[in-house]
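Chains as they are written, first to last, in this note's numbering: chain A, 71 to 919; chain B, 285 to 599; chain C, 36 to 558. Idealized CB from N, CA, C, for every residue including glycine. All values derive from a computational prediction rather than experimental measurement.
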């Protein structure tokens, strides 16, 4: 109810939707009040008074071809048509959505058969169906409606299937499975609520069509039976007098139009209101350059520094969204000063939300605008104030003298264009070189950034490249026009350690050889230390400390810098005294994996063209003692996630066995979700995708209590509160939705869910990787405390060696689907034996000590 | 890609088979048969019996279906009982007319819809956006056959600018300009809803894409705004727009029935309605099969286009 | 930025201009070509096969029969037969054919050709028997044999005297087709007609147009028009708008409400002609409340026929007083009053029959041949009956479903059903639909199960009589019985209409509902 009211408020905020809602409400009210309104008898004929024009005495809207009062018929007809339209929409939505849900969720053959059935329906002339139904059930609007329903089922089925198929592989579905929910329950409880907006919007748009289509059937006498009025039959009756008395058809036509229009308006409003991304108002399409709204005299309040290539003074950038319009825009960057000399590398470090990226993007006015707006300060590049430049001049600078390298190269490269073309475009945007010449230059650039086989690679699309290769393309693009300044925004964050090391080397090398100035944004001190001459530390939109990199890192002056540095686990600094693994003697191995193999079978399609088999795990064996923390380290593609998912049954191994607490996984799984879920649990990397966005924390946490632990309803409240407190959360947030939580809070909820049913083995798959440094530290502490308190066994999977070193008793290193090295943490990091392990450790950026 | 197309085409076979069985059953179920339809009020039992024998209606349903299927596999769609000519001839002629109408409408809808959608996305919240949004809203809320009548009344009867009905001029017509002249009103009427849907979708897809990181990259490269919008954003948005155009093709084909009636367009929609009314089983079968096949092929075409555009989708 | 805006604007403008950028108009229709707006695509142009008035309008210009209706009447006059004689027992008809007449394909129209025409319809073993079906072959069911003693003489012998025989010969079913063409085209003949008429067939483009042109070898006065194009425009509104916009020269069956446009407008001429048509309700005399004659009479009194004809049908029909159309003036009593609109009388009758508040099921057709504005009329009748206290539930059916339900008899499912007939002789309608020998179980169209031995006797006698005055007296007698028993509710006789442009000369509608175009010209 509360949700409904909130939704209504959100819909009403959209002025057009509000108009639609008001209009529809009026129409519905008039229709509902038909029997109390002072209307003429809608069925009383008076041939002598036929086709009276509107505003005639006794007939406000005139009379129809039989002399009946159009107004009375209109009100009663609207009542009937609305009822039929809504009923048909609901029926079509019900059946169509059910088919779509099942097809989208089951996939495979079920999907194929159902969708072929939908094809049959879609191509079927529903007129024929209407005739058949009327033949079987007799004429009448209600019977004809079934035909319209059938004709509209495919529309729902297709839309819902699409939405469902997208949700099927989402992590919160896996999480629900691990919470002991059955497939039917997952479908209805987890998937359906997320598909519901699609259904509601589809339904709201179809009501109007339904009225129109039943009108169409009235043409063939398959509609309402005389003398009863519906809008459709009024339209078709009025049509006969269209030339002489257009009002008879115009009036019902107008009402149909108004109904359909208001439904569409409401549908649009609903769509916006139900889209969580649009909750805080609809952001606009970003323009070519960030809006600049400097107060008078707000810019250039300091003298230009002739020695600086880039000089940022008092930069203030804000986000102007509907959500904060009441109290004015909030500055994300609050007066930042920066100075970069030619050939210098400046690092900017900070946690998420510190404003470091906004600062970087503000320089060439690339902050999305709306909602971004630069509110003050100046950005001088080689003397010009970029904030005052016209867009054309700015476009000549961008990619010319100032180039950017962005964080995630998969999303920052155009997914549909060959990478070579994208780089060539950067070239040609600034210099009118012939295409062939540009192509040749691109190959040179690719070679310069050490991309293998550049002549072939230029034709590849981004998704065909590895993360490292994509980032090299991004760098090549930045270098295309020999810029003087490169602004790199977390360019290595999404990369594996070894790749990161290579990219950093490349950047460093290029910078020194070409004399580039670099602004390098990162959250990682190690990376900054490796590359930058100077570093600026940002916190809450301000630079709290700036100076020579080495001195800032070794002798931080600001309390925040100190706190941040302390929170960073640094490889080799957190070595703990070895605790001998408690062997299998007393409780047995908590986890025992023997010769686990996972092969993705070669796919042979019916007409040739096949995909070769892929082996993700090559006979992996490992054992974890009860109460032990086993760290699993590996780069992307090493098979560590497949291994983790195999342990909880989310991935079915091709060969080998898994035993949990001495019992084979297969046996546990056969007993149903309950037995498995009480033995082992899983924490996903991204809490926001592993928590159902449309369920409150309370409902998410209730699932394992109810389905795994079998806690009776009366006791659940107490257990929930206890659970929240055990992960240091206030039970008051139980009724919030995931998007209302911070990343750290959400991950704590995910941990609480894993603990809820009392499972002793927890698989943590990159569980802290998405968290900020300081939050990460808190969560790691929490994990340690929980382990202590409950005697848990952890399998801690991470790509971050320092974090693993800090938490794991024993570590295995995986590469290419196999374990290459295994040993106690301190030994392994101090004296790695395998060359791969050595390379890995060497690649980790370190802090100067 | 080839195997994908072949696979999809193979899936067409069971669809058409299922469809033909259902159509056959329903035609047998609804009251009245070709005999009563042809004989009308003069359907004496004697006349009916003779005609049923002539038309082969005296055999059992399975036998009739099997005969029909056998003939179809041999490439013979049979002879229409109401028109007294081969079904294939009639269906090809009518379907060609519908394709012209639906094709023109779809092209018109796509061009107008895309342009309007882009305009309103790029000028979001501006005057152009408001105008387009309003026009789109009116367009998708309009009862099409009603709109068709209004357009005829204004453009053809009042102003006499365009023809009232028909596909070509009744006397001496038939060349391309003449066809286009006759197409204008029905195609525009038919296109209006589809154009609205496409415009709405293009707008939201463009808005979505314009917020993507790669658009920022394109701007960071120093590309002009035109290049950013048309070269980068639109290209990516088309991936979501094209399947919708495919679905709209289906709706345009379906909506053609009303438009064909209002504008007396000699298309297959009207033919099907007549064939159903005269209980012309074979003609209904032929028409339904062609419409269904074209519907599936339209969607296949859209999928192929999408796959060509988006290399990420495995062929 | 400005370049971008200009590009967008240019594209939009181009898209908008692409539409009306086409030429303004194709070549105008020349003066010697007439464009006729038809109500539908013809079903068949084989006169033996066709049953639709819509087809007849084309057929009578392509073909001729042995005899024809004299223009403006339903009386027969010579056509392909120059003269004929009837034997005294009324069994043998001897026709002398007009010499030198050939079909459009050059085949001579001789006695053998005429014999071929009748044998094809009546003899199951005839080589062309499978070119049917021949739904109206029963018009000639009385024929025993057709002989051709010499090329110009046709002798037809009947099994029993059959008074409407000559009139049936003048009906389109009696139009003579070319045997050569029939043998060549088989079933396809219906799409490639060959006759002897003043026009010959040129081409038929499915659902677009059908063209006929002047027959240069016509034996009589050649047609004035070089060609006639028939355009099927099935939607009445579109047809009217096409007429208003100048796309048609002649339009038939103008929707009642559009008629005033043409009456008021300059440049158009409205033509009207009453014909032998009856629009009535079949009343169920076997089951339900209407079994009682008083209730049936009450229904007749309750219906405001005048309002239906004048207001709803806008004067395109006249109220009916009985089963026989006024077009058969010799067979109907001009003084009979039938059932004037009298709701009080209806209430009294209902009270008397204790049928107040009776519930009736009423089958209403959606369209159909001759059905006029069937739904509106049904609705008006429903309201009329409600006013006298009869609760009527309407069930509407699409025409073929309707026929399938009604032709087999109303049974216990329905109490009333709409129906309309167009006939060429006063015998046809009552003989096919009111005789006890025509009950549905006997294969007739007596769907309301009316049976009256006296009526049966009268009808038999009338169809055997060779004397029109005697027949007239018998039909007037039958009419009185039918009106009194009220097996139907008699509602309206259609006055068919057409609109021509003022430029069309020599145009007239026929009581037979035919459309004779050989005398028509355009200014």
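Range covered by the beta strand (DSSP E) that runs through residue 921(A): Beyond the ends of chain A as shown, which are 71 and 919, falls residue 921(A); an answer cannot be given.
If you run the structure through DSSP and keep just helix, strand and coil, what is residue 368(B)? The DSSP-derived three-state label of residue 368(B) is coil.
Grouping DSSP H, G and I as helix and E and B as strand, with all else coil, what is residue 556(C)? Three-state result, residue 556(C): strand.
Please classify residue 627(A): is it buried, with 16 or more other beta-carbons within 10 angstroms of its beta-carbon, or exposed? It counts as exposed.
Output yes if chain A places a C-beta closer than 7 Å to the C-beta of residue 301(C); else output no. With 7 Å as the cut-off, residue 301(C) does not count as an interface residue toward chain A.
Exposure of residue 563(B), with buried meaning 16 or more beta-carbon neighbours within 10 Å: It counts as buried.
Find the residues of chain A that neighbour residue 272(C), judging by a C-beta separation of less than 8 Å, and give them in chain order. By Cβ distance, chain A contributes 309, 310, 312, 313.
Short CB-CB distance (under 7 Å) between residue 295(A) and chain C: With respect to chain C, the C-beta atom of residue 295(A) has a partner C-beta closer than 7 Å.
Return the chain-ordered ranges of every alpha helix (DSSP H) run that is complete within the region 467-525 of chain A and spans a minimum of 4 residues. Whole alpha helix (DSSP H) segments, 4+ residues: 479-482, 489-498, 505-518.
Under a three-way DSSP split, which group does residue 516(B) fall into? Looking at residue 516(B) - three-state DSSP - the assignment turns out to be helix.
Buried versus exposed, by CB contacts within 10 Å (16 or more), residue 178(A): If you draw a 10 Å sphere on the C-beta of residue 178(A), you find fewer than 16 other C-beta atoms in it, and that means exposed.
In this structure, does DSSP put residue 915(A) in helix, strand or coil? DSSP places residue 915(A) in coil when its eight states are reduced to three.
Members of the region 763-786 of chain A near chain C, C-beta cut-off 7 Å: Of all residues in the region 763-786 of chain A, none comes within less than 7 Å of chain C when Cβ atoms are compared.
Cβ neighbour criterion (16 or more within 10 Å) applied to residue 139(C): Around the beta carbon of residue 139(C), 16 or more other beta carbons sit within 10 angstroms, so the residue counts as buried.
Within the same chain, show all residues whose beta-carbon is closer than 8 Å to that of residue 747(A), passing over the 5 residues directly before and after it, in chain order. For residue 747(A), where only same-chain residues beyond five positions count, the Cβ hits under 8 Å are 248, 249, 250, 774, 777, 778, 827, 829.
In chain order, what residues of the same chain lie with their CB nearer than 7 Å to the CB of residue 419(C), ignoring the 5 residues before and after it? Take residue 419(C), set aside five residues on each side of it, and the residues of its chain with a beta-carbon closer than 7 Å to its own are 337, 338, 339, in chain order.
Counting C-beta neighbours from all protein chains within 10 Å, is the total for residue 123(A) 16 or more, i.e. buried, or is it exposed? Residue 123(A) is exposed by the Cβ-count criterion.
Could you work out which residue in 541(A), 343(A), 230(A), 742(A) is closest to residue 88(A) when comparing CA atoms only? Nearest C-alpha to residue 88(A): 343(A).
Looking at residue 161(A) and residue 219(A), is the spacing between their C-beta atoms short of 7 Å? With contacts defined by Cβ atoms closer than 7 Å, residue 219(A) and residue 161(A) form a contacting pair.
Could you name the residues of chain C that residue 440(B) contacts, counting a contact when the two beta carbons are closer than 7 Å? Residues of chain C with a Cβ closer than 7 Å to the Cβ of residue 440(B) are, in chain order, 276, 280.
Which value, in whole angstroms, describes the spacing of the CA atoms of residue 515(A) and residue 565(A)? If you draw a straight line from the Cα of residue 515(A) to the Cα of residue 565(A), it comes to about 21 Å.
Run of the beta strand (DSSP E) containing residue 317(A), from where it starts to where it stops: For residue 317(A), no beta strand (DSSP E) segment is defined; the enclosing uninterrupted segment is the alpha helix (DSSP H) at 317-344.
Who are the near neighbours of residue 439(B) in its chain, counting only those whose CB is closer than 7 Å to its CB and skipping five residues on each side? Cβ neighbours of residue 439(B) beyond the five flanking positions: 445, 446, 469.
What is the residue span of the alpha helix (DSSP H) that residue 192(C) lies within? Run containing residue 192(C): none in the alpha helix (DSSP H); it sits in the beta strand (DSSP E), 188-193.
Going by C-alpha distance, which of 745(A), 763(A), 808(A), 797(A) is nearest residue 780(A)? Comparing Cα positions, the closest option is 745(A).
Please state whether the Cβ-Cβ distance between residue 69(C) and residue 260(C) is less than 7 Å. Yes, these two residues count as a Cβ contact at 7 Å.
Which same chain residues end up closer than 7 Å to residue 679(A) when comparing Cβ atoms and leaving out the 5 residues on each side of it in sequence? Here the model assigns residue 679(A) a pLDDT of 45, short of 50, so the residue's position is not dependable and the matter cannot be decided.
Cβ shell of residue 143(C) (< 7 Å), same chain only, five flanking positions each side left out: 137.
Is residue 470(A) close to chain B? Criterion is C-beta to C-beta, closer than 7 Å. At a cut-off of 7 Å between beta-carbon atoms, residue 470(A) makes contact with chain B.
Can you pull the chain C neighbours of residue 377(B), defined as C-beta to C-beta under 8 Å? Result: 241.
Inspect the beta-carbon positions of residue 569(A) and residue 611(A) and report whether they are closer than 7 Å. No.
Per DSSP, what kind of secondary structure is residue 159(C) in: helix, strand or coil? DSSP places residue 159(C) in coil when its eight states are reduced to three.
Per-residue DSSP class, three states only, for residue 454(B): In the structure shown, residue 454(B) adopts coil according to DSSP, grouped into three states.
Segments assigned alpha helix (DSSP H), at least 4 residues, entirely inside the region 87-163 of chain C: Secondary structure remark: continuous alpha helix (DSSP H) runs of at least 4 residues inside the region 87-163 of chain C, in chain order: 88-97, 146-157.
Answer yes or no: does any C-beta atom of chain C fall closer than 7 Å to that of residue 136(A)? By this cut-off, residue 136(A) is an interface position.
If you follow the alpha helix (DSSP H) that residue 465(B) is part of, which residue opens it and which one closes it? In this chain, the alpha helix (DSSP H) harbouring residue 465(B) covers 460-494.
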